[in-house]
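The block underneath contains the structure these notes are about, expressed in structure tokens.
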Amino acid sequence: MHAYFSEIEKLIQVVKEQEAVRINEAARIIVQRLQRGGIIQLFGCGHSQLLAQEAFYRAGGLVPVRPIFIEPLALHAGALASSINEQDPSIIEQHKEQFDYRENDVCIVISTSGRNSAPIDAALLAKARGVFVLSLQSLCYKEQPTRHHSGQRLEEVVDFVIDTHIPIGDGVLHKHEMQYAPASTVIGSLLLNALFSEIIEEIAKTSTELPIFVSNNVDSDWSHNETMIAKYQHRIDFT
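Basically the working numbering = 1-based index in the sequence shown + 5.
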């Protein structure tokens, strides 16, 4: 347990030192798009899809966030199948109707390895529609060859990269030549929430109406949430 805490703390320090400037820069770009009517759309496969869901309808989190759900890429639809489908060069085309990209939107593609077809195709589709595309990925995997037919990896097609610095194989501990104790979910969630916090702070410089969800589990006036949902329900399904 203590070894895992120690390794996570090291990774947190690395991303704090090396990604802070990029998070600030990305937040400013995203706020400009949100202020022009865009929303943030998140795409991931398998465990990366869990991060996309984590950011959605979250107490204390941003309101204009829409996860892109592709059922065959979800763990609950079949763990082995989701891994196979992530490498399928036709999976995004088959589910293209799930991608409601519009002017001024932002797409965050989450993929630790940045090498599989589905995340790269999701990014390319967003780029083709004029969407600002940011990846949350580990550049430690840069030497791992792409599985995309174009020969490109994710970092080569997006507009902006936030590096999670997750080691190849994800685990941060080793025993008997085995790697364990994955870190990508912890660090990915940390970076997403750091980015969204910076976005909120940037919006607060010019507005007192902040697009934040208030917890439904605290006795308070929920009219703020109702106002926020009404503002974005034409783009995001909160039902």
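We treat Cβ as the ideally placed atom computed from N, Cα and C, and that holds for glycine.
Please classify Gly-193 as buried or exposed, where buried requires at least 16 other C-beta atoms within 10 Å of its C-beta.
buried
Own chain, CB closer than 7 Å to Leu-39, minus 5 neighbours either side, in chain order:
Pro-69
Per DSSP, the bridge partner or partners of Gln-184:
His-179
Is it a yes or a no for the stretch 158-174 touching the stretch 138-145, going by three-plus beta-carbon pairs under 8 Å?
yes
Write down the C-beta distance between Ser-116 and Ser-53 rounded to the nearest angstrom, noting that I regard them as a contact closer than 8 Å.
6 Å
How would you call Gln-46, buried or exposed, if buried means at least 16 neighbouring beta carbons within 10 angstroms?
buried
Where does Cys-145 sit, in a helix, a strand or coil, going by DSSP?
helix
To the nearest angstrom, report how far apart Tyr-185 and Thr-232 are at their CA atoms.
44 Å
Kindly indicate which residue of Glu-22, Trp-227, Ile-17, Ile-75 has the alpha-carbon position closest to the one of Ser-95.
Ile-75
For Val-166, the nearest candidate out of Ala-128, Thr-151, Gly-156, Thr-190 (CA to CA):
Ala-128
Taking Ile-35 as the reference, which of Glu-206, Asp-226, Ile-234 has the closest Cα?
Glu-206
Within this structure, are the beta carbons of Thr-169 and Ser-189 separated by less than 8 Å?
yes
Please say whether Gly-66 and Ala-60 have beta carbons closer to each other than 8 Å?
yes
With which residues is Leu-139 paired in a DSSP beta bridge?
Ile-113, Phe-165
DSSP three-state label for Phe-104, please.
coil
Since I believe Ala-8 is in contact with Leu-195 (beta carbons under 8 Å), could you give me their beta-carbon distance rounded to a whole number of angstroms?
Not confirmed; about 19 Å, so no contact.
Could you compute how far the alpha carbon of Met-6 sits from the alpha carbon of Glu-22?
25 Å
From this set, Gln-99, Gly-49, Val-19, which residue's C-alpha is nearest Val-114's C-alpha?
Gly-49
Should Leu-16 go down as buried or exposed, given a rule of 16 or more other Cβ atoms within 10 Å for buried?
buried
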